[in-house]
Amino acid sequence: SQKIEQNSEALNIQEGKTATLTCNYTNYSPAYLQWYRQDPGRGPVFLLLIRENEKEKRKERLKVTFDTTLKQSLFHITASQPADSATYLCALAGGTSYGKLTFGQGTILTVHP
Amino acid sequence: GAVVSQHPSRVICKSGTSVKIECRSLDFQATTMFWYRQFPKQSLMLMATSNEGSKATYEQGVEKDKFLINHASLTLSTLTVTSAHPEDSSFYICSAYDRGDEQFFGPGTRLTVL
């Protein structure tokens with residue numbers, strides 16, 4: 652069965668460091684992968700999308716990589732700030748279910764001042 | 178970016194009553210909207226795909242007679258939880274596509290069934 656795993660439930664880092672979150676998947680051939688941020692009691696907010704034929708995407712302090720051989724995506728936040736503290740979700744879409752997203756369980760990131 | 182709203186943001190009801198949740202795309206038209214459910218400390222689970230002018234498509238294990246979806250216009254989809262029970266208590270979130278591959282999510286509706 653299809654499975655999406657985000658490597659850790661929680662990640663604690665010091666302000667200014669780079670946070671690296673991992674998303675692994677099995678039994679899936681996604682057309683693209685997305686990363687979202689979710690704050691408590693709120694809906695997810697879109698951050699970045701990367702397609703199956705792309706290796707890397709950047710947006711300001713955010714960087715996403717996508718390795719379809721390893722079936723893994725890495726999400727980096729450089730120069731992290733306490734305001735970056737939130738739950739980060741990866742989501743896959745593709746195949747015959749274009750548009751439908753399957754979410755990982757999320758990683759709770761806490762950036763300490 | 179595009180804005181999706183939901184109403185109400187919170188609802189508390191007695192067991193056995195029905196609850197309607199509205200999802201609106203405020204500045205764009207959405208032929209397709211999605212309804213998700215999120216239990217505490219869990220991720221979002223897709224419940225159904227709502228298509229304007231046609232029947233919704235439900236995911237496996239989701240009872241279509243329990244969760245009624247109506248997508249009557251290009252800017253409004255409603256989810257009605259019929260005869261709600263405590264196990265239906267959850268965070269319900271809708272989403273829609275504007276153009277491209279980015280999904281815009283609503284702020285969510287917290288349903289508590291007593």
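As they're listed, the protein sequences go chains A and B.
Counting in my numbering, the first sequence runs from 652 upward without gaps.
Counting in my numbering, the second sequence runs from 178 upward without gaps.
Just so you know, even glycine gets a beta-carbon here, dropped at the ideal spot from N, CA and C.
Just so it is clear, the structure is predicted and the values come from calculations on it, not from any experiment.
Taking the continuous beta strand (DSSP E) assigned at residue i, which residues delimit it?
i, result
"L725 (chain A)", "Q723 to I728"
"Q183 (chain B)", "V181 to H184"
"D718 (chain A)", "L713 to D718"
"R287 (chain B)", "T286 to V290"
"F216 (chain B)", "Careful: F216 (chain B) lies outside any beta strand (DSSP E) and carries neither H nor E."
"S202 (chain B)", "V196 to S202"
"Q732 (chain A)", "Where Q732 (chain A) is concerned, there is no enclosing beta strand (DSSP E), given that its DSSP letter is neither H nor E."
"A273 (chain B)", "S267 to Y274"
"D206 (chain B)", "As written in the sequence, residue 206 (chain B) is Gln, which differs from the Asp given in the question. Segment: none, Q206 (chain B) is in no beta strand (DSSP E) and carries neither H nor E."
Got a sec? Which residues, its chain only, sit under 7 Å from residue i by beta carbon, not counting five neighbours each side?
i, result
"A730 (chain A)", "G667 and R712"
"K722 (chain A)", "N675, Y676 and T677"
Along chain B, in chain order, which residues have C-beta atoms closer than 9 Å to that of residue i?
i, result
"Q706 (chain A)", "A quick correction: the sequence has Lys, not Gln, at residue 706 (chain A). Those do not exist, as K706 (chain A) stays about 18 Å from chain B at its closest Cβ, beyond 9 Å."
"K750 (chain A)", "It should be pointed out that residue 750 (chain A) corresponds to Gly in this sequence rather than to Lys. Result: T209, F211, T226, Y274, D278 and Q280."
"G745 (chain A)", "Near G745 (chain A) there are no residues of chain B at all, since even the closest Cβ is about 10 Å away, more than 9 Å."
"F697 (chain A)", "G178, E279, Q280, F281 and F282"
"L740 (chain A)", "S220 and L221"
For residue i, which of the options has the nearest alpha-carbon?
i, options, result
"T194 (chain B)", "B:F281, B:T257 and B:P284", "B:T257"
"R287 (chain B)", "B:S192, B:S186, B:T234 and B:L221", "B:S186"
"H248 (chain B)", "B:A261, B:A273, B:H262 and B:S260", "B:A273"
"L203 (chain B)", "B:Q183, B:W212 and B:V239", "B:Q183"
"T209 (chain B)", "B:K243, B:T289 and B:T255", "B:T255"
"F726 (chain A)", "A:L698, A:T720, A:I664 and A:A682", "A:L698"
"D278 (chain B)", "A:P691, A:P681 and A:A737", "A:P681"
"S652 (chain A)", "A:G745, A:K722 and A:Y676", "A:Y676"
"A737 (chain A)", "A:K714, A:L752 and A:V696", "A:V696"
For residue i, which residues from the same chain have a beta carbon less than 6 Å from its beta carbon, with the 5 sequence-adjacent residues on both sides left out?
i, result
"D735 (chain A)", "I728 and V762"
"Q215 (chain B)", "L221 and F268"
"Q685 (chain A)", "L700 and A742"
"Y235 (chain B)", "A225 and K241"
Cβ closer than 8 Å: which chain A residues qualify as neighbours of residue i?
i, result
"F285 (chain B)", "Reading off the sequence, residue 285 (chain B) comes out as Gly, not Phe. Result: G692, R693 and G694."
"Q219 (chain B)", "Q756"
"L288 (chain B)", "What L288 (chain B) touches in chain A: nothing, since even the nearest Cβ is about 13 Å away."
At a CB-CB cut-off below 7 Å, which residues of chain B make contact with residue i?
i, result
"L700 (chain A)", "D278 and E279"
Is the closest heavy atom of the ligand FAD to the C-beta of residue i under 6 Å?
i, result
"V762 (chain A)", "With respect to small molecules bound, the structure shown includes none, and the ligand FAD cannot be examined in it."
Below 7 Å on C-beta distance, what does residue i contact in chain A?
i, result
"L291 (chain B)", "Going along chain A, no residue has its Cβ under 7 Å from L291 (chain B), so there is no contact; the nearest lies around 19 Å."
Residues of the region 670-682 of chain A whose Cβ lies closer than 8 Å to any Cβ of chain B, in chain order: none
Listed in chain order, which residues of the region 711-722 of chain A have Cβ atoms closer than 8 Å to some Cβ of chain B? none
Near-chain A residues of the region 252-272 of chain B - C-beta to any C-beta below 9 Å: F268, I270, C271 and S272
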